[in-house]
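Reading through the structure tokens given below for one structure.
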Amino acid sequence: MAPHLMRGGRTCCFMSGKEQSITDADFDAHTGPRRATTTSKGAIQLAVPASDEGPPQGVSAEDIAALAAGVTGEVLRPGDGGYAAECATFNLAITHKPAVVVGAAEPADVQAAVRFATAHGLAVAVLATGHQAIVPADGAVLITTRRMSGITVDEASHRAVVQAGATAQQVVDAAEPFGLAPIVGSSPSVGVVGFTLGGGLSPTFGRPFGWAADYVHAIEVVTADGLLRRATAQEEPELFWALRGSRSNMGVVTALELDLHDVTRLYGGGLFFSGEDTASVMHAYQRFTASVPEELTSSIALLRLADAPSVPKLLRGTFTLHVRIAYLGTTAEGERLLAPLRQAAPVLLDTVGDMPLTDFASIHQDPADPMLFREWTTMLDQFSPETVDAIVELAGPRADQPVEYVEVRHLGGALGRRTGPPSAVGNRDATFAVWLMNLGPPTEGDPQQAYAQRVLERVQPWSTGHTYLNFTSSDPTPARVRQAYSPETYTRLRAAKSVYDPGNVFRLNQNIPPGGDA
8 MAPHLMRGGR TCCFMSGKEQ SITDADFDAH TGPRRATTTS KGAIQLAVPA SDEGPPQGVS
68 AEDIAALAAG VTGEVLRPGD GGYAAECATF NLAITHKPAV VVGAAEPADV QAAVRFATAH
128 GLAVAVLATG HQAIVPADGA VLITTRRMSG ITVDEASHRA VVQAGATAQQ VVDAAEPFGL
188 APIVGSSPSV GVVGFTLGGG LSPTFGRPFG WAADYVHAIE VVTADGLLRR ATAQEEPELF
248 WALRGSRSNM GVVTALELDL HDVTRLYGGG LFFSGEDTAS VMHAYQRFTA SVPEELTSSI
308 ALLRLADAPS VPKLLRGTFT LHVRIAYLGT TAEGERLLAP LRQAAPVLLD TVGDMPLTDF
368 ASIHQDPADP MLFREWTTML DQFSPETVDA IVELAGPRAD QPVEYVEVRH LGGALGRRTG
428 PPSAVGNRDA TFAVWLMNLG PPTEGDPQQA YAQRVLERVQ PWSTGHTYLN FTSSDPTPAR
488 VRQAYSPETY TRLRAAKSVY DPGNVFRLNQ NIPPGGDA
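Position one of the sequence shown corresponds to residue 8 (our numbering), numbered consecutively onward.
Have a look at this one:
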């Protein structure tokens, strides 16, 4: 069944790629916890699978059997068939080894898992796709949400209800028949809920629309007490404020109700240049971003691409600049705006043109397969010619660069304004973001970490002093997490945490500890 957040209107529900008709009765809000049941659609109550390993310390086999009996999805422990696959993440830098993993098929499964964890003194982690794998969930209860992927689109209200396991591409595809679109990131396989709860910085729609979290109207969430709550600006307003911007610190979100936008096409794609032209292209990009309208969102990435079959032949084993463009205006105006960039240096490959929104993933061309990566970021309040010179010095063709990816992303526009109810999302004063990524494990001495630190220190004169929560998966220290917020917001988040998770059950993420004092 679709998430129970939206009421009324003509709707369509997309479950596992199939369209179903939905009646108004399907949209009654949950008012409290529900008891798991076996349904006619294949939801089954599982016995504990056979395992050569015993239950986690302090948890008996009978306890796990009782948990499995009340869950319609999967309950697995180390040694069970399917355990490793259930715990797998997109970012292979993390290998989860939880004491128990619950493959939730409905909100009641999440409730059962949270109550089990609190009863046995275990931490709770949540996993949808694992692009932002943060901290290993070793010895914890891991809740996976990929089975909960229902999407309900209400054409009349321009809203959708999105379950916790739905990905960006799934929501885009569900909304497209109605001429609508959600705010998405760069990758089609990123989970919409995690992306949005971290703020939702979109390289496609960021400047014209702002942060994805600003367009959330209701949240269905299981808090540490095991209750299934509905949070809105009117119901549980402090929880609603805190959830939008703090990821899974306050509970396990099972569904979001969010706005969709009247977008079906855009002028987008990429311009590739030789790394030898870094200085001229980056200075042209700096001038370009100083004058473009809010309808245009862009970024520029310095790429050291591998000599691999997955990389276009023209670009394999090369140092390349990739300018990414997403413009909601006309093709003719887009051509005019991009002319200075196309004239900055010889273009190796030009994929910019009119495109359906459903092809948004082709703009950034993010990897489709799981991979191991680490990332670092900082936010800038300006991107001046001097900033460009600093980045060219450290990341240009003459630099000794041990990471594969350095990106400058243009912010501003609607990202600088609040377009919805107040939330914990910060960084509205930032006009650019610098993001570094290393592909693969650290090498001896970890020169990648040292290099990233040098870059962040070099751009410090133009930094706001803050970071972006969704880009701190490789450094989720308390100090880095705190840098994602203003002091006032951080203090308020700690106070909210004391109310909704006083025992710090949800601590295996970018953790905000309970307590009213910062």
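In this text, a Cβ means the ideal position worked out from N, Cα and C, and glycines have one as well.
Residue environment, residue i, which counts as buried when at least 16 other CB atoms sit within 10 Å
i: Gly128; result: exposed
i: Gly522; result: exposed
i: Asp376; result: exposed
i: Arg424; result: exposed
i: Arg122; result: buried
i: Glu464; result: exposed
i: Gly217; result: buried
i: Gly324; result: exposed
i: Ser196; result: buried
i: Arg416; result: buried
i: Asp161; result: buried
i: Asp508; result: buried
i: Gly472; result: exposed
Coil, strand or helix - residue i by DSSP
i: Met289; result: helix
i: Phe367; result: coil
i: Asp145; result: coil
i: Asp373; result: coil
i: Trp218; result: coil
i: Pro56; result: Below a pLDDT of 50, predicted positions are generally treated as unreliable, and Pro56, at 33, falls in that range; no measurement from the model is reported.
i: Glu90; result: The sequence as given places Tyr at residue 90; Glu does not occur at that position. Looking at Tyr90 - three-state DSSP - the assignment turns out to be helix.
i: Thr113; result: The sequence shown places Glu at residue 113, not Thr. Looking at Glu113 - three-state DSSP - the assignment turns out to be coil, as it is neither helix nor strand.
i: Ser28; result: With a pLDDT of 29 at Ser28, under the threshold of 50, the modelled position of that residue is not reliable, and no figure is offered here.
i: Gly547; result: Missing from the structure shown is residue 547; the chain here goes from 8 to 525 and no further.
i: Gly213; result: helix
i: Asp361; result: strand
i: Gly276; result: strand
i: Ile101; result: coil
i: Tyr458; result: helix
i: Ala397; result: helix
i: Val131; result: strand
i: Tyr412; result: strand
i: Ala402; result: helix
Close-in-space but distant-in-sequence residues of the same chain around residue i (CB under 7 angstroms, 5 per side omitted)
i: Ala525; result: Confidence in Ala525 is poor, its pLDDT being 42 and thus under 50, which makes the residue's placement unreliable; the coordinate value appears in the next sentence. So the list reads Pro494, Tyr497, Thr498 and Arg501, once near-sequence residues are dropped.
i: Arg251; result: Leu204, Ala220, Val223, Ser430, Ala431 and Val432
i: Val117; result: Ala111, Ile150, Val229, Val259 and Thr261
i: Ser287; result: Ala351 and Ala352
i: Thr438; result: Leu387, Asp388, Gln389, Phe390, Leu418 and Gly419
i: Asn445; result: Phe380, Arg381, Val410, Glu411 and Gln455
i: Ala291; result: Pro347, Leu348 and Ala351
i: Ala470; result: First, the residue type needs correcting, since residue 470 is Ser and not Ala in the sequence shown. Excluding residues within five positions, the ones whose Cβ falls inside 7 angstroms are Thr385, Met386 and Leu387.
i: Ala135; result: Thr152, Arg153, Ala171, Gly172, Gly198, Val200 and Gly201
Same chain, Cβ closer than 8 angstroms to residue i, neighbours up to 5 away in sequence not counted
i: Ile101; result: Gly137, Ala140, Ile141, Val142 and Pro143
i: Val359; result: Tyr274, Gly275, Gly276, Gly277, Leu278, Ile332, Gly341 and Leu345
C-alpha distance - residue i paired with residue j, whole-angstrom precision
i: Tyr274; j: Thr365; result: 12 angstroms
i: Val395; j: Ala402; result: 10 angstroms
i: Arg343; j: Lys504; result: 50 angstroms
i: Gly77; j: Val108; result: 14 angstroms
i: Met386; j: Val168; result: 31 angstroms
i: Gly80; j: Gly89; result: 13 angstroms
i: Leu356; j: Gly277; result: 8 angstroms
i: Glu243; j: Gly192; result: 28 angstroms
i: Pro210; j: Ala72; result: 45 angstroms
i: Gln170; j: Glu264; result: 9 angstroms
i: Phe212; j: Ala68; result: 49 angstroms
i: Gly510; j: Pro114; result: 21 angstroms
i: Asp269; j: Ala188; result: 7 angstroms
i: Ile398; j: Thr285; result: 10 angstroms
i: Ala181; j: Thr159; result: 8 angstroms
i: Gln293; j: Val488; result: 29 angstroms
i: Ala92; j: Arg153; result: 12 angstroms
i: Asp31; j: Arg166; result: Confidence is the limiting factor: at Asp31 the pLDDT is only 30, short of 50, which leaves the residue's position unreliable, though a coordinate-based value still follows. So the two alpha carbons sit approximately 15 angstroms from each other.
i: Leu310; j: Pro485; result: 30 angstroms
i: Met362; j: Val131; result: 41 angstroms
i: Ala297; j: Pro404; result: 25 angstroms
i: Asp436; j: Leu328; result: 27 angstroms
Contacting residues, own chain, Cβ-Cβ under 6 angstroms from residue i (five flanking each side not counted)
i: Phe481; result: In the sequence on display, residue 481 carries Ser and not Phe. Here the set comprises Arg381 and Glu382.
i: Lys104; result: Asp145
i: Asn516; result: Ile141, Arg254 and Ser255
i: Val133; result: Ile150, Ser255 and Val259
i: Gln408; result: Ala402
i: Thr426; result: Gly217 and Asp221
Min CB distance residue i to chain D below 8 angstroms
i: Leu446; result: Going by chain labels, chain D is absent from the structure shown, which holds only one protein chain.
Segment contact flag, the stretch 263-279 with the stretch 318-336, C-beta cutoff 8 angstroms, min 3 pairs: yes
Cβ pair count under 8 angstroms reaching 3, the stretch 455-465 against the stretch 230-250: no
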